[in-house]
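Engineer: The structure is given below, and queries will be raised subsequently.
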Amino acid sequence: MPELPEVETVRRGLNQLTLNQEITGGDVLLDRTIAYPFSVGEFVDGIKKNAIATWHRRGKYLLAELSSPSSTGRLGVHLRMTGQLLWLHRDEPLHKHTRVRLFFGEQQELRFVDQRTFGKMWWVPPGVAVESIMTGLATLAADPFSPEFTVEYLATKLQNRRRPIKTALLDQSVVAGLGNIYADEGLFKSGILPETLCIDLQLKQIERLRTAIIQVLETSIEAGGTTFSNFLSVKGVNGNYGGVAWVYNRAGEPCRVCDTPIMRIRLAGRSSHFCPQCQTLRGVRS
Numbered sequence: 071m072p073e074l075p076e077v078e079t080v081r082r083g084l085n086q087l088t089l090n091q092e093i094t095g096g097d098v099l100l101d102r103t104i105a106y107p108f109s110v111g112e113f114v115d116g117i118k119k120n121a122i123a124t125w126h127r128r129g130k131y132l133l134a135e136l137s138s139p140s141s142t143g144r145l146g147v148h149l150r151m152t153g154q155l156l157w158l159h160r161d162e163p164l165h166k167h168t169r170v171r172l173f174f175g176e177q178q179e180l181r182f183v184d185q186r187t188f189g190k191m192w193w194v195p196p197g198v199a200v201e202s203i204m205t206g207l208a209t210l211a212a213d214p215f216s217p218e219f220t221v222e223y224l225a226t227k228l229q230n231r232r233r234p235i236k237t238a239l240l241d242q243s244v245v246a247g248l249g250n251i252y253a254d255e256g257l258f259k260s261g262i263l264p265e266t267l268c269i270d271l272q273l274k275q276i277e278r279l280r281t282a283i284i285q286v287l288e289t290s291i292e293a294g295g296t297t298f299s300n301f302l303s304v305k306g307v308n309g310n311y312g313g314v315a316w317v318y319n320r321a322g323e324p325c326r327v328c329d330t331p332i333m334r335i336r337l338a339g340r341s342s343h344f345c346p347q348c349q350t351l352r353g354v355r356s
């Protein structure tokens with residue numbers, strides 16, 4: 071699933087390619103991709119003749135500000151597991167998993183391609199609160215790059231929780247945008263084992279964890295995100311972070327710090343990768 075760096079990479083690409091261009095029309099090839107309105111025709115009519123003023127990211131959600139001479143609205147997108155937004159010429163052959171096409175001038179279009187069909191799009195009408203339509207936004211925690219994401223904030227979110235820190239980090243009400251890849255990477259950088267209980271973490275460990283999360287996210291964004299299966303940028307380019315990942319998807323390979331084989335365990339139904347030498351229950355790096 072695309073996580074914060076991948077979605078941020080897409081956002082930046084969209085802001086480079088689509089701003090101030092009018093949406094001239096659209097074609098919905100899979101109706102259930104449209105989460106709101108429930109009428110596909112109303113969705114297309116709502117976004118048509120609007121220009122995209124800018125794209126924002128909130129956690130793993132993308133949100134475009136729309137503008138026209140008479141009104142404004144929002145276009146929301148969640149890529150979920152396999153979604154891709156691709157900026158293409160309209161003559162480009164259709165991928166069999168194309169779900170939505172948004173048409174622009176000069177024969178350009180923005181295609182939503184989604185193999186697993188879990189991705190969603192929303193049109194939020196003018197004057198309507200975004201959270202009332204895209205309800206997942208209402209429960210999102212602070213973004214790691216926001217001023218609210220302080221050591222104190224993270225400590226408050228984790229205190230008294232008797233669940234593994236890895237599981238907690240995947241909770242979007244604890245940290246917005248983090249997923250399996252960067253939770254593993256942040257825990258490695260902070261020297262904390264994924265099964266360490268939140269309640270057992272000390273403040274200095276939480277401080278290191280906060281710093282590590284921000285660092286690995288910044289590094290991945292610079293690399294264009296991670297491509298292990300489906301992720302592509304708006305221009306169809308793979309992300310390169312996977313080649314420098316510390317632990318994720320490297321089970322059995324030598325740790326980049328100490329050469330100890332990376333281990334993989336199942337935790338709450340998800341794979342967790344870690345170095346048994348560099349990460350400890352106390353979070354003390356050797």
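Heads up: take any position in the sequence shown, counting from 1, add 70, and you land on my numbering. Heads up, the beta-carbon is just placed ideally off N, CA and C, and yes, glycines get one too.
1) Would you identify the three-state DSSP class for residue 332, choosing helix, strand or coil?
2) Check residue 312 in the structure and name its three-state DSSP category.
3) Below 8 Å on the Cβ atoms is my contact criterion, and I expect residue 103 with residue 190 to pass it. Report the Cβ-Cβ distance as a whole number of Å.
4) Report the option in 107, 261, 227 whose CA atom is closest to the CA atom of residue 143.
5) Considering only the beta carbon of each residue, do residue 215 and residue 344 sit closer than 9 Å?
6) Quick one: what's got a C-beta closer than 7 Å to residue 73's C-beta in the same chain, skipping five residues either side?
7) Tell me the DSSP secondary structure of residue 343 in three-state form.
8) My output table needs one value for residue 252: the three-state DSSP class, helix, strand or coil.
9) Which same chain residues end up closer than 6 Å to residue 327 when comparing Cβ atoms and leaving out the 5 residues on each side of it in sequence?
10) In this structure, how does DSSP classify residue 144 when only helix, strand and coil are distinguished?
11) Per DSSP, what are the beta-bridge partners of residue 191 in this structure?
12) Name the one or two DSSP bridge partners that residue 127 has.
13) So, using beta-carbon positions, are residue 149 and residue 122 closer together than 9 Å?
14) Quick one: Cα of residue 354 to Cα of residue 262, how far?
15) By DSSP, does residue 296 sit in helix, in strand, or in coil?
16) Should residue 153 and residue 113 be called a contact, given that it needs their Cβ atoms to be closer than 9 Å?
17) Which partner residues of residue 153 appear in the DSSP bridge assignment?
18) The beta strand (DSSP E) that contains residue 240, what's its start and end?
19) Between the Cα of residue 280 and those of 299, 260, 202, spot the shortest distance and give me the residue it belongs to.
20) Touch check for the stretch 213 to 231 and the stretch 185 to 199: three-plus C-beta pairs under 8 Å?
21) Which word fits residue 186, buried or exposed, when buried means at least 16 other C-beta atoms lie within 10 angstroms of its C-beta?
22) Go ahead and label residue 303 buried or exposed: buried means 16 or more other beta carbons lie within 10 angstroms of its beta carbon, across all protein chains shown.
23) Which residues in the same chain as residue 241 place their Cβ atom closer than 7 Å to its Cβ, once the five residues preceding and following it in sequence are excluded?
Structural biologist: Well, looking at it:
1) coil
2) helix
3) 6 Å
4) 107
5) no
6) 130, 247, 248, 249, 251, 252
7) strand
8) helix
9) 348
10) strand
11) 104, 147
12) 132
13) no
14) Residue placement at residue 354 is flagged as unreliable, the pLDDT there being 40, under the threshold of 50; a coordinate-derived value is accordingly withheld.
15) strand
16) no
17) 184
18) Where residue 240 is concerned, there is no enclosing beta strand (DSSP E), given that its DSSP letter is neither H nor E.
19) 260
20) no
21) exposed
22) buried
23) none
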